[in-house]
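Below is one structure; the comments refer to it alone.
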Amino acid sequence: MATERGVRVSTKLRRVSIVNTLLNSGKVSITELAQSLGASEMTIRRDLEALEADGVARRVRGGAISTQSRSYQPPIMQRSSQETEAKMRIGQAAAELLAPGETTILDGGTTTLQMVRSLNPNLAVTVITSSLLIATELDSKPAAKTVVTGGILRNGEMSLIGSAAEDWFNDVNCDSVFIGAAGLTVDKGITEYNIEDTRIKQAAIRCSRRVVVLADASKMGHIAFVNVAPLQVIDLLVTNAPASDGTVSALRELGTEILHV
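My numbering puts the sequence shown at residues 5 to 265.
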């Protein structure tokens, strides 16, 4: 695909852009997409056919409408098969940021799960998490001390939510927190699909000295249902999004460290 500047990008990135537009606007026009993405209308039709097959769009006359909502998030095992390569690179880079003796919080999510899988098994760190999947994965890291919060099990996520999980963070002080994001935008900052998950993230952010956000390119410019925190709270962003991305540029102007993978 050629952009307005004549630079060719992959079909995958073009479809990510279409999905983000669908999620934010609820509908897309073939003609408008062809113009904004610098592609032919036939190419856009093929993209929409593929997205309909994936279940994220339904084709209508002249375009498509979203089958998703700002408050809908597929189960974690389904999400683990999406953007796999990007999440692996982000997770590997994030794992290298931990220092021996550090106490960190790991948010429940597919990218932080990749981070845990990349941890050096000999790295002596204390990891606090509300994710049972992450806690299970940490069992293969003998040097890591794993602390699991209390709470109520959230079906489909294998994570703990509720006041018991939130209150747990009120009594601790941590070196860092690594969190994922459903969306990142200049206006809304970090956003999430689920209110209970949002409260856990907010509590974890409050008790951490450094906030690290792990987000692949598909999250840039997307707004999910619940506001988590403004961009100003982010100390470091690990992403595969290009440096020219609007949200990445805004974070850089705020003084946020950006680690591109």
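Yeah, the Cβ is synthetic: ideal placement off N, Cα and C, and Gly gets one too.
| query | result |
| --- | --- |
| For Gly-250, does the three-state DSSP call read helix, strand or coil? | helix |
| Once DSSP output is grouped into helix, strand and coil, what is the label at Gly-113? | coil |
| Assign Ser-85 to one of three DSSP states: helix, strand, or coil. | Annotation note: pLDDT 49 at Ser-85 (below 50); position unreliable, coordinate value reported separately. If DSSP states are grouped into helix, strand and coil, Ser-85 belongs with coil. |
| Using a threshold of 8 Å, state whether the C-beta atoms of Val-190 and Gly-250 are closer than that. | yes |
| For Arg-2, collect the residues of the same chain with a Cβ closer than 7 Å to its Cβ; drop the 5 residues on either side in sequence, then sort them by chain order. | The shown model of the chain, from 5 to 265, leaves out residue 2, and the question about it has no answer. |
| Please name the residue, chosen from Val-131, Asn-124 and Leu-55, that lies closest to Leu-17 on a Cα-to-Cα basis. | Leu-55 |
| Evaluate Asp-220 with the Cβ neighbour count: other Cβ atoms within 10 Å of its Cβ, from every protein chain shown; 16 or more gives buried, anything less gives exposed. | buried |
| Can you tell me the Cα-Cα spacing of Leu-164 and Gly-154, whole angstroms? | 7 Å |
| Less than 8 Å between the beta carbons of Val-252 and Val-237, yes or no? | no |
| Relative to the C-alpha of Ser-180, which candidate in Gly-105, Asn-198, Ala-254 and Ala-61 has its C-alpha closest? | Gly-105 |
| Between which two residues does the beta strand (DSSP E) harbouring Ile-165 extend? | 163 to 165 |
| Relative to the C-alpha of Ala-97, which candidate in Lys-192, Asp-111, Met-119 and Leu-137 has its C-alpha closest? | Met-119 |
| By a C-beta neighbour count over all protein chains shown, 10 Å radius and 16 as the cutoff for buried, is Ala-57 buried or exposed? | exposed |
| Find the nearest neighbour of Arg-65 within the set Thr-88, Thr-35 and Glu-89, judged by alpha-carbon distance. | Thr-35 |
| Once you ignore the five residues that flank Ser-33 on each side, which residues in its own chain have a CB closer than 7 Å to its CB? | Gly-66 and Gly-67 |
| In chain order, what residues of the same chain lie with their CB nearer than 6 Å to the CB of Ala-245, ignoring the 5 residues before and after it? | Ala-221, Met-224 and Val-252 |
| Which class does Glu-100 belong to by DSSP, given the choice of helix, strand or coil? | coil |
| Here's a check: name, in chain order, each residue in its chain whose Cβ is nearer than 8 Å to the Cβ of Glu-200, leaving out the five neighbours to either side. | Arg-158, Ile-165 and Gly-166 |
| Going by the DSSP bridge assignment, what does Ile-69 pair with across the sheet? | Lys-31 and Arg-62 |
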